[in-house]
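Undergrad:
Residue numbers (my numbering): -5 to 307.
1) Suppose you measure from the CA of residue 294 to the CA of residue 271; what does that come to, to the nearest Å?
2) According to DSSP, which residues form a beta bridge with residue 8?
3) Alpha carbons only, please: which of 243, 259 and 210 is nearest the one belonging to residue 234?
4) Cα-Cα, which of 182, 204 and 168 is closest to residue 193?
5) Residue 143: which of 124, 108 and 187 sits nearest, CA to CA?
6) Is the distance from the Cβ of residue 213 to the Cβ of residue 244 below 8 angstroms?
7) In the DSSP assignment, find the unbroken alpha helix (DSSP H) run with residue 184 in it and report its ends.
8) With DSSP as the reference, label residue 296 as helix, strand or coil.
9) So residue 280 and residue 265 are supposed to be a Cβ contact under 8 angstroms. How far apart are they, rounded?
10) Using alpha carbons as the reference points, say which of 68, 269 and 218 lies closest to residue 51.
11) Going by the beta-carbon positions, is the gap between residue 161 and residue 62 smaller than 8 angstroms?
12) Starting from the Cα of residue 145, find the closest Cα among 133, 159 and 132 and give me that residue.
13) Let me make sure I understand the geometry here. Which of 22, 122, 262 and 45 has the alpha-carbon closest to that of residue 208?
14) Since residue 93 contacts residue 13 with CB under 8 angstroms, what's their CB separation in whole angstroms?
15) Does DSSP put residue 251 in a helix, a strand or coil?
Encoded structure:
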């Protein structure tokens, strides 16, 4: 990554990185066409992964792009491209966070992982998550328009293996677990006043105990890659708290596979630390939308397309 050049940093800029589900065919093509450094990142990614992830991202089949093992590196790659464009223009983060997969992008920005290593890590992460879903089949569902205690009560009363997997914002959650248990929890949520309870098109019960088969193997794989020091504070999904100790990174990333994403808490902590400007670095604007519902008056600028790159950057 480019060296710091005295640009916007030191808590002036916060960066948020999106996770799986934000992918779309064509993402990043405008950056590729506009910036030489973006083309460099795509070339490096193709070489690191040993296949044409650039072509898959720009003109591939959506079903193939959405496969967990492909979506994860493709989304991370899009974030890395935008990050490289920002860094080349002297814009660096003073604080980072990422939603699920996005934590790996965040930790590249924070100096812990090299981009090419992170691509290999998330490719393997996607494979292990898929394999865990085959070994212990499960599903996920979005619960909209119900408060946190209500969702947690429905999950508890449903019985079986089902948990709240994503605390995305007040009134927006994801639950995860065995198919039958998720179905029962969805039915209870609807009966008790949820506006919507929608099954999600996923290949496994992510962020639930059903992902446990992947945790130890992923931890061992992650340990084979060199990790640098955290240059800036990171707000971790598992705890929803600020992390400054690099020694905690491997454990938190491994536990994240089978633990809830504490996004609401994370964003409240992030906003309290007061980055003057917050960018969403990656495809789409999901995290910007969530922040509006979590912290009143805290805006996030999505940099999904070239047109959104800030003036002067």
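Built from N, CA and C at the ideal position, the CB exists for glycine as well.
TA: From the atom records:
1) 7 angstroms
2) 89 and 272
3) 259
4) 168
5) 187
6) yes
7) 173 to 185
8) strand
9) Wrong, their Cβ atoms sit about 17 angstroms apart, outside the cutoff.
10) 68
11) no
12) It is 159.
13) Ranking the options by Cα distance to residue 208, first place goes to 122.
14) 4 angstroms
15) coil
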